[in-house]
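**Student:** Let me give you the structure first, and then I'll get to my questions.
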Amino acid sequence: MGEVTTKEGYLPFRDYRTWYRVTGSLDSGKLPLVVAHGGPGCTHDYVDSFKDIAALDGRPVIHYDQLGNGNSTRLPEMGPDFWTVGLFLEELDALLSHLGIQQHYAFLGQSWGGMLGAEHAVRRPEGLKALVIANSPANMQTWVSEANRLRQELPKEVQDTLLKHELAGSLTDPDYIAASRVFYDRHVCRVVPWPPEVARTFAIMDEDNTVYRNMNGPTEFHVIGTMKDWTIENRLDRIEAPTLLISGKYDEATPLVVRPYLERVPGCEWVLFENSSHMPHVEEKQLCLATVSGFLSRHD
């Protein structure tokens with residue numbers, strides 16, 4: 080296969096701009112894959128590896144930074160009323176139309192991106208031909224209870240440090256950040272040190288955590304933002320697109336967290352990556368990309 084081309088652009092969305100990149104050709108005849116990052120409030124960088132699917136099977140892969148994040152318009156002045164699931168569904172529809180693929184596409188969402196993908200899929204869009212839910216909760220209350228269960232398995236001194244700073248409200252203290260990192264290195268990304276693209280996403284979030292703070296809250300353990308009561312469990316049976324669920328053995332999205340997709344989405348398939356946590360696309364990159372490519376190739 081020849082060299083894979085890339086093209087970057089901006090989608091005009093409301094009064095703002097959403098950055099996107101197409102890897103490969105939209106004229107390839109293969110089902111285009113749209114990749115949505117998590118957070119809410121991350122950037123495309125840490126899910127960048129999915130672009131290599133274009134070299135594997137010739138399909139175009141589209142990344143974008145959701146509004147408020149990365150290369151897209153930043154809106155630090157906007158509060159919780161602005162940052163809604165509806166906003167990001169509207170942005171996704173606008174991107175599909177802008178690229179002219181709204182009648183024929185696949186969608187992969189990682190973590191929050193998979194929640195967005197599920198919200199998109201329950202609306203039964205005509206052009207959605209395949210859906211990949213990667214490391215995503217179906218119910219935020221289950222997610223929080225499992226995060227806190229995993230936290231209780233951390234070394235006692237780490238738990239004590241977390242609690243001390245949470246009670247004092249000193250969540251930016253270097254000791255708190257270091258203690259949180261123990262959780263992240265177990266349950267978010269087990270490749271240590273983090274690869275540059277993962278580190279880049281977290282550095283950008285440290286600069287501007289507007290979306291994460293408003294929708295999630297200050298940490299993975301304190302979901303007090305607008306998503307705190309979100310669930311899609313009782314709507315999952317409306318999904319008609321063929322669906323692949325992926326997660327990691329050590330994932331903060333534990334089997335209990337992801338199970339509703341398997342049980343309620345008709346015909347859902349599940350692949351559990353044995354040496355991964357929340358980022359199989361980084362931790363077991365080749366196997367993960369081959370798994371996703373194989374699934375999508377059945378639905379071209």
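Those letters in the sequence shown? Residues 80 to 379, by my numbering. We put the CB at the ideal spot given by N, CA and C, even for glycine.
(1) Go ahead and pull the three-state DSSP assignment for Trp98.
(2) Would you kindly check if the distance between the Cβ of Gln231 and the Cβ of Arg238 is under 8 Å?
(3) I'd like the span of the alpha helix (DSSP H) that includes Thr221, first residue to last.
(4) Per DSSP, what are the beta-bridge partners of Pro297 in this structure?
(5) Measure how close the beta-carbons of Ser128 and His357 come, nearest whole angstrom, since I'm counting them as under 8 Å.
(6) Taking the alpha helix (DSSP H) that Val337 falls in, what are its first and last residues?
(7) In terms of DSSP beta bridges, what is Ile141 paired with?
(8) So, with DSSP's three-state summary, where would you put Trp309?
(9) Confirm, please, whether the CB-CB distance from Leu210 to Ala369 is below 8 Å.
(10) Is it the case that the region 176-185 contacts the region 198-213, given that we only count it when at least three CB pairs across the two stretches are under 8 Å?
(11) Applying the criterion that 16 or more other CB atoms from any shown protein chain within 10 Å of the CB defines a buried residue, is Lys86 buried or exposed?
(12) How long is the line joining the alpha carbons of His266 and Asn227, rounded to whole angstroms?
(13) In the structure shown, what three-state DSSP assignment does Val350 receive?
(14) Where Glu236 and Asp160 are concerned, what is the direct C-alpha to C-alpha distance, given to the nearest angstrom?
(15) Quick check on Pro275: buried or exposed, where buried means 16 or more other Cβ atoms within 10 Å of its Cβ?
(16) Considering only C-alpha positions, which residue in the set Asp124, Ile132, Phe92, Met194 is nearest to Ser372?
(17) Please classify Thr251: does DSSP put it in a helix, a strand, or coil?
(18) With DSSP as the reference, label Phe45 as helix, strand or coil.
(19) Can the beta-carbon of Leu175 be found less than 8 Å from the beta-carbon of Arg138?
(20) Looking at the unbroken beta strand (DSSP E) that takes in Gly88, where does it start and where does it end?
(21) To the nearest angstrom, how far is it from the Cα of Ser151 to the Cα of Glu286?
(22) Quick one: Cα of His378 to Cα of Val201, how far?
(23) Which residue's Cα is closest to the Cα of Ile283: Leu195, Tyr89, Arg100, His123?
(24) Whose CA, out of Leu233, Phe281, Leu195, Leu242, lies closest to the CA of Val261?
(25) Classify Glu326 as helix, strand or coil using the three-state DSSP reduction.
(26) Quick check on the burial criterion: 16 or more other C-beta atoms within 10 angstroms. Buried or exposed for Leu246?
**Tutor:** The structure says:
(1) What you label residue 98 is simply residue 19 of the sequence shown in a count that begins at 1. Correct three-state label for Trp98: strand.
(2) As a position in the sequence shown, residue 238 is number 159, starting the count at 1. As a position in the sequence shown, residue 231 is number 152, starting the count at 1. Strictly speaking, residue 238 in this sequence is Gln, with Arg absent from that position. Contact flag set, yes.
(3) Locating residue 221 in the sequence shown gives position 142, counting from the first residue. Thr221 -> alpha helix (DSSP H) spans 219-230.
(4) Translated into positions along the sequence shown, residue 297 becomes position 218. According to DSSP, which records beta bridges pairwise, Pro297 is partnered with nothing at all.
(5) Taking the sequence shown and counting its residues from 1, one reaches residue 128 at position 49. Taking the sequence shown and counting its residues from 1, one reaches residue 357 at position 278. 14 Å between Cβ atoms; not a contact.
(6) As a first step, residue 337 must be located in the sequence shown, where it is residue number 258. Segment 334-343, the alpha helix (DSSP H) holding Val337.
(7) The residue you call residue 141 lines up with position 62 of the sequence shown. Residue pairing by DSSP places Ile141 opposite Val101, Val113 in a beta bridge.
(8) Sequence index remark: in the sequence shown, residue 309 carries index 230 (1-based). Coil.
(9) Position 290 of the sequence shown, counted from the first residue, corresponds to residue 369. Position 131 of the sequence shown, counted from the first residue, corresponds to residue 210. For the 8 Å CB-CB criterion, Ala369 and Leu210 do not form a contact.
(10) Using a Cβ-Cβ distance cut-off of 8 Å, the region 198-213 and the region 176-185 are in contact, since at least three pairs of beta carbons, one from each stretch, lie closer than that value.
(11) In the sequence shown, counting from the first residue as 1, residue 86 sits at position 7. Result: exposed.
(12) Residue mapping note: residue 266 aligns to position 187 of the sequence shown, counting from 1. Residue mapping note: residue 227 aligns to position 148 of the sequence shown, counting from 1. Their backbone Cα atoms lie some 12 Å apart in a straight line.
(13) On the sequence shown, position 271 is the one that residue 350 refers to. Note: Val350 maps to strand in three-state DSSP.
(14) Translated into the one-based positions of the sequence shown, residue 236 becomes position 157. Translated into the one-based positions of the sequence shown, residue 160 becomes position 81. As the crow flies, the alpha-carbon of Glu236 is around 38 Å from that of Asp160.
(15) By one-based count along the sequence shown, residue 275 stands at place 196. Its Cβ having fewer than 16 others within 10 Å, Pro275 is exposed.
(16) One-based indexing of the sequence shown puts residue 372 at position 293. It is Ile132 whose Cα lies nearest to the Cα of Ser372.
(17) Locating residue 251 in the sequence shown gives position 172, where the first residue counts as 1. Coil.
(18) Since the first and last residues shown for the chain are 80 and 379, residue 45 lies out of range.
(19) The sequence position of residue 175 within the sequence shown is 96, counting from 1. The sequence position of residue 138 within the sequence shown is 59, counting from 1. Contact: no.
(20) On the sequence shown, position 9 is the one that residue 88 refers to. Membership of Gly88 in the beta strand (DSSP E) is indicated by the continuous run 85-92.
(21) Here residue 151 refers to the residue found at position 72 when the sequence shown is read from its first residue. Here residue 286 refers to the residue found at position 207 when the sequence shown is read from its first residue. Going by the C-alpha atoms only, they are around 14 Å apart.
(22) The sequence position of residue 378 within the sequence shown is 299, counting from 1. The sequence position of residue 201 within the sequence shown is 122, counting from 1. Taking the straight line joining both Cα atoms gives about 19 Å.
(23) If you number the sequence shown from 1, residue 283 lands on position 204. Among Leu195, Tyr89, Arg100, His123, the Cα nearest to that of Ile283 belongs to His123.
(24) For the purposes of this step, residue 261 is identified with residue 182 of the sequence shown, where counting begins at 1. By alpha-carbon distance to Val261, the top candidate from Leu233, Phe281, Leu195, Leu242 is Leu233.
(25) The count along the sequence shown starts at 1 and reaches residue 326 at position 247. Note that residue 326 corresponds to Ser in the displayed sequence, not to Glu. DSSP places Ser326 within a strand segment (E or B) once states are collapsed to three.
(26) In the sequence shown, the residue the question calls residue 246 occupies position 167. Leu246 is exposed by the Cβ-count criterion.
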